[in-house]
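full-length UniProt numbering numbers the first residue of the sequence shown as 1 and each following residue consecutively. We treat Cβ as the ideally placed atom computed from N, Cα and C, and that holds for glycine. In what follows, a single structure is set out as structure tokens and then discussed.
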Amino acid sequence: MDESLLLGLRCSDDPSSQTKTLQYFEQLKNSPEGWRICGDALIRGIYSDDNVKFFCFQVLEHHIRTRHGISELPAQQALRKILMTWYHNQCSGEKDKSFICNKAAQAFALTFVVDYPHQWLSFFRDLHQTLGSGPVAVDLYLRILKAIDEEVVDKDVARTPQVMEADRNTAIKDFMREHCIPDIVNSWFEILKTYEGTDPALTCLCLEVVSSYVAWIDISLIANEKFISVLLHLITVDVLRESVCDCFHGIISKGMDPLAKTELVESLVRVLESAGVMAPSEDVDNDYLAKLARLANCIGIQLINSYTKLLKSNNEAAANDTLQAIENKLPLLYRFLGDEDDDISHTINGFAYSYLLLLKQASSLSAQQKQNLKGILYTVIKKMKYDESYNFSREDEDEVMFMEFRKEMKVLFDNIAQQDANLVLVIVHNVLNSTLERLQEAKFMDVEIAVRLVFMLGEAIPAQQLYTDSSRFGALQQMLSALVSSRVSYYQHSSVSLMYFETVVRYEKFFSSNPEHIPTVLIAFLDERGLRNDNSLVRSRCCYLLSRFIKSHKNQMHNYVDDVLKRLQSLLITASDNGYQHLLSADEQLFLYECAGMLIASSGSSQENKLLYMDNLLSPVISKFDMALTKLLSELDQPSSLPCAQLLYNLVSFASRTSKAFANQQSLNQSGCTPCFKNALPVFLRALTVPVHRDIIHNGVRQYLHRMVVCLGEDVLPFIPVAVTHLLKDCSARDIQDFIPLINQIIGKFKSHIAPFLCEVFMAIVNAIFTVLNKPVEEADTQVAKEKETLRRSYFLFISAIVSNNVAEVLTNQEPQNVHQVLLTIIQGAVDYPDPVAQKLCFNILRKLVDLWGGNSIESGFKDFMYDSIVPACFLAPMKSTFNMEDAQTFLAMQEIAQTQKTILQKQGNDYLNYLQMKYLPSLNLSPSLVQEYTQALQHADMKTFKNYSKAFFTQLQT
């Protein structure tokens, strides 16, 4: 081998040398003699460098995979000789590193699947003869067996779907079972006996091999007194017991007839129990306990699988015996599911879930099974409790893992509730009562889980069962009454506080039936237990939950509006700082403004009082906005301008969120609060003149305009011109993109009322859009390209809004050349851009224009445009290679094209058919028969048939 070209294997910091080595590697792989050179280097021990040895085995592996099977007999014999010579050299000399041995084992396995049994019948005999050479030979032998299993059997290894490979693997296993598996099993037995006390690593490797092979060999070779006695002995050795557990797992997992499987599992469990394996002492380490839990999980699941199969085969007697065997294993389930270590509990979770599923399918439950349910439920409740070490201020990996584990336990809880809702209600009621009785001395995790269980009932038991069944709803009412009347809300721990508020908000129907409890909950929300809590997480969550609570019970809040608004006031933005408002962020305050708006809107007060309430709420906001705007305009270049701009955004957002209490103009007018929102508009619009931080400020003002279009109706129209003028000035792609939904909303809301103004600003909007779209973009700047694509879609949505809302006069009132340019942009969007969403929009616009202007009283110049541009677009777009008919969005565009064709036919009749037959379709070099077929389909097929025909027609043209 070329020494200079191997340097790259040793010089990881020399890219040039590495490149040359890789090229040399490829050269050797593809050379007919490369494998011989590498094999010779390996058996002569020319190179001591591990990377070079690995390199050589890679070349051998490539040869075996690609050429060995088709090589001449002498070449095949030479390869086998290389492998066995290397093997013998290892046994008599210094053993190579593990990664090299694993690569060598892979080479042996690949050769084995090609040559065994016809070319290398003595494969196993050759290996067995070396086992007396010592641990190195045994180690290599076991690695080769593992590699063979991975190559031929292992279901976790990805395989080619070729039938020939599957047939080959089946033939190999069949031959091995018949001729050599007993000898291989004997070799394992001898290895375990020989090395159990001297070489734990080798013993564990042997056990791993046994676990792999037991899945497909005769179980009686392993599940016998001789072999099991060895395993039972080994499981008493600390360093071996985890591997022995895995071995038993492999034995029990073996696919078998259900009756035989039950007998096997029961016999093994008896042996394990009599040896004390399944009842470990308290000082056993968690790793071993996890292995035992995995074994117990396997025992339970395998028995349940057997039970299910026996039931299906109508073997009732055997099924009942197996069911009894399953229930005899439940102490193992309780032991490991209830273990303090969550990893151990998680390991046996599958058994618990499968058992609950089994009970769910039963027609009725025995008294013992109901006890079993209760036992699992109590274990699940115990496991869902927080640990004292849980870090609530900073959730790291341990905390995240616990929350995931808790979700698993919740699944079990929900399944038990579906099986026996009354049992769960009774247990939860008992847990809650016992916790409330000792609330003062109770630990936080006990209080939290008691409240959480009440909360979980709302998900675990379907609403129909929980609320319509009087006894169940009665039980729930007792629990909630006890919870609200207790001092749980005063418990000084964030987890309990959060759970309390989550729970009271969940049960809307309880407070509707028991409104006397509403003030108790409201006060808890509003004082130091909720919005003024020392814990920021509690405060934040309470802002959202209070808004939900008030929204759910707004019709029952009449007596509390004045008091609640006064208590909220100190938490909201006011003209002067008061210390309280800093408890909450702007995002959190948004919920409180929404709460206040809902309270005012739904109060039973007169219009005058509602207006007074709303004025007290929004006047400080508007006043502070005015002050902040004045400050910002005087300090445009100061560092303080950004916080000031953010404050303006927050203030206008508060007013927007308050307006959410009103669904439409009628509800706002009925409340009498219209002046508050209307008077705020000119103040907020002044901010659009600020030249700095436009994106922040404009975003806030746009939000408010969106809301006012809904709430003020036509009263907002006088403010639209100034708003649009400022929003369009010096705008970016993002500005325009955000502006389009607003103008589309205005068009959709006001239609003809907005048309005169829209006629004036139409081209300004179009020009602003195309100023941005026509800016050059660097090829590598994918972000800007994406923004342009989105903006282009927004433009088409804008034109679509005009056409769809009966204000097409906006187009006809423009200069003819401008209208023509706009229409060409629609054609361009339909044909030139490979964006199916935009294409669908464009053809939708074209179809509606044809519907509006394509008839007898045809709009001036539109007929020529229709025939010169729209008709070709309907054919050119779907004929492009980028028009992928299999894409769902593209197919929707295809459907719009078909509808456009039908609409032109409807408006133009025979003139259009004649045009297609005599002029346009022949220009596409279509055969007369295809022209005739297309026009016949267009004329006579219904819409659905024509859409499908169009897809097939253009698919044919594309190919």
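(request) Could you pull out every residue in the same chain whose Cβ sits closer than 6 Å to the Cβ of Leu758, ignoring the five residues on either side in sequence? (result) Cβ contact annotation for Leu758 (same chain, cutoff 6 Å, sequence separation greater than five): Val810, in chain order.
(message) As a quick exercise: from Ile228, Ser211, Leu207, pick the residue whose alpha carbon is nearest that of Val239.
(response) Considering only alpha carbons, the answer is Leu207.
(message) Suppose you measure from the CA of Cys874 to the CA of Asp730; what does that come to, to the nearest Å?
(response) Near 36 Å, if we compare the C-alpha coordinates of Asp730 and Cys874.
(request) Could you work out which residue in Ala785, Leu852, Gln839 is closest to Thr812 when comparing CA atoms only? (result) That would be Leu852, whose Cα lies nearest to the Cα of Thr812.
(message) With a threshold of 8 Å on Cβ separation, who are the neighbours of Leu131 within its own chain once the five nearest residues in sequence on each side are excluded?
(response) Within its own chain, the residues whose Cβ lies closer than 8 Å to the Cβ of Leu131, once the five positions on either side in sequence are excluded, are Ala137, Val138, Tyr141, Ser187, Glu190, Ile191, listed in chain order.
(request) Have a look at Cys56, Ser48, Gly855 and flag the residue whose alpha-carbon is nearest the alpha-carbon of Gln27. (result) Distance from the Cα of Gln27 is smallest, within the candidate group Cys56, Ser48, Gly855, for Cys56.
(message) Quick check on DSSP: helix, strand or coil for Gly855?
(response) In this structure, Gly855 counts as coil in the three-state DSSP scheme.
(message) Pop quiz: Tyr490 and Arg452 are said to be a contact at Cβ under 8 Å. What is the actual Cβ separation, rounded to whole angstroms?
(response) No, Tyr490 and Arg452 are not in contact; Cβ-Cβ is about 18 Å, not under 8 Å.
(message) Give me, in chain order, the residues of the same chain whose beta-carbon lies closer than 8 Å to that of Val447; leave out the 5 immediate sequence neighbours on both sides.
(response) Hits under 8 Å: Thr435, Leu439, Val488, Tyr491, His493, Val496.
(message) On the CB-based measure, 16 or more other CB atoms within 10 Å of its CB, does His726 come out buried or exposed?
(response) By the 10 Å Cβ count, His726 comes out buried.
(request) State yes or no: is the C-beta of Ile826 within less than 9 Å of the C-beta of Phe796? (result) Taking 9 Å as the Cβ cut-off, Ile826 and Phe796 qualify as a contacting pair.
(request) Could you check the C-alpha separation between Cys298 and Phe351 for me, to the nearest Å? (result) If you take the alpha carbons of Cys298 and Phe351, they lie about 7 Å apart.
(message) Nearest by alpha-carbon distance to Cys711: which of Val652, Ala279, Thr674, Pro280 is it?
(response) It is Thr674 whose Cα lies nearest to the Cα of Cys711.
(message) Which same chain residues end up closer than 7 Å to Pro306 when comparing Cβ atoms and leaving out the 5 residues on each side of it in sequence?
(response) Looking at the sequence shown, residue 306 is not Pro but Ser. Apart from sequence neighbours up to five positions away, the residues of its chain that approach Ser306 with a beta-carbon distance below 7 Å are Pro258, Lys261, Thr262, Thr322, ordered along the chain.
(request) Ignore the nearest five residues each way along the sequence and tell me which others in Thr661's own chain have a CB closer than 6 Å to its CB. (result) The sequence shown places Ala at residue 661, not Thr. Within the same chain, and ignoring the five residues on either side of Ala661 in sequence, the residues whose Cβ sits closer than 6 Å to its Cβ are Gly597, Met598, Ala601.
(message) Can you check which of these residues, Tyr213, Cys204, Ser253, is closest to Ser231 by C-alpha distance?
(response) Before going on, a small fix: residue 231 reads as Leu here, not Ser. Of Tyr213, Cys204, Ser253, the residue nearest in Cα terms is Cys204.
(message) By alpha-carbon positions, which one of Ile523, Met557, Gln556, Pro462 ends up nearest to Cys542?
(response) That would be Ile523, whose Cα lies nearest to the Cα of Cys542.
(request) Let me know the secondary structure DSSP gives Ile754 once reduced to three states. (result) Of the three classes helix, strand and coil, the one that applies to Ile754 here is coil, per DSSP.
(message) Is it the case that the segment 831 to 851 contacts the segment 799 to 807, given that we only count it when at least three CB pairs across the two stretches are under 8 Å?
(response) Touching, yes, given that three or more Cβ pairs across the two stretches are closer than 8 Å.
(message) If distances are taken between C-alpha atoms only, which option among Val709, Ala109, Val52, Thr66 comes closest to Pro32?
(response) When each option's Cα is compared against that of Pro32, the closest is Thr66.
(message) How far does the alpha helix (DSSP H) with Met401 in it extend, from its first residue to its last?
(response) Looking at the DSSP string, the run of the alpha helix (DSSP H) that includes Met401 is 397 to 419.
(request) Quick one: residues in its chain with C-beta nearer than 8 Å to the C-beta of Asp738, no 5 flanking neighbours on either side, listed in chain order? (result) Cβ neighbours of Asp738 within its own chain (closer than 8 Å, five residues either side excluded): His698, Asn699, Arg702.
(request) Report yes or no: do the segment 341 to 360 and the segment 395 to 409 share at least 3 C-beta pairs separated by less than 8 Å? (result) Between the segment 341 to 360 and the segment 395 to 409, the count of Cβ pairs shorter than 8 Å is three or higher; the stretches touch.
(message) Would Leu629 and Ala687 be called neighbours here (beta carbons separated by less than 9 Å)?
(response) It is a contact, given that the beta carbons lie within the stated cut-off.
(message) For a quick check, are the C-beta atoms of Leu377 and Ile326 less than 9 Å apart?
(response) No, these two residues do not count as a Cβ contact at 9 Å.
(request) Assuming Ala460 contacts Asp527 (C-beta within less than 8 Å), just tell me the rounded distance between them. (result) About 31 Å separates the Cβ atoms of Ala460 and Asp527, ruling out a contact at the 8 Å cut-off.
(message) Any heavy atom of the ligand MG inside 8 Å of the beta-carbon of Leu633?
(response) This structure lacks the ligand MG, and indeed carries no ligand of any kind.
(message) Three or more C-beta pairs under 8 Å: does that hold for the segment 899 to 907 against the segment 869 to 889?
(response) Result yes; three or more Cβ-Cβ pairs closer than 8 Å.
(request) Report the option in Ser950, Ala41, Leu121 whose CA atom is closest to the CA atom of Gln77. (result) Here the closest residue by C-alpha is Leu121.
(message) Please give the ranges of any beta strand (DSSP E) in the segment 522 to 566, keeping only runs that are unbroken, at least 3 residues long and fully inside the region.
(response) Positions of the beta strand (DSSP E) runs, each at least 3 residues long and wholly inside the segment 522 to 566, cannot be given because no such run exists.
(message) Going by beta-carbon coordinates alone, are Ala107 and Leu60 separated by less than 9 Å?
(response) Ala107 is a Cβ neighbour of Leu60, given a cutoff of 9 Å.
(message) If you measure between the beta carbons of Lys893 and Gln817, is that distance less than 9 Å?
(response) The displayed chain sequence assigns Ala, not Lys, to residue 893. Contact check for Ala893 against Gln817 fails: the beta carbons are separated by 9 Å or more.
(message) Restricting to runs no shorter than 4 residues, where is the alpha helix (DSSP H) found entirely within the UniProt domain "Exportin-1/Importin-beta-like" (98 to 248)?
(response) Unbroken alpha helix (DSSP H) stretches of 4 residues or longer found wholly inside the UniProt domain "Exportin-1/Importin-beta-like" (98 to 248): 98 to 115, 123 to 128, 135 to 152, 163 to 179, 181 to 195, 200 to 213, 225 to 234, given in chain order.
(request) With DSSP collapsed to three states, give me the class of Ile348. (result) Here Ile348 sits in coil by DSSP.
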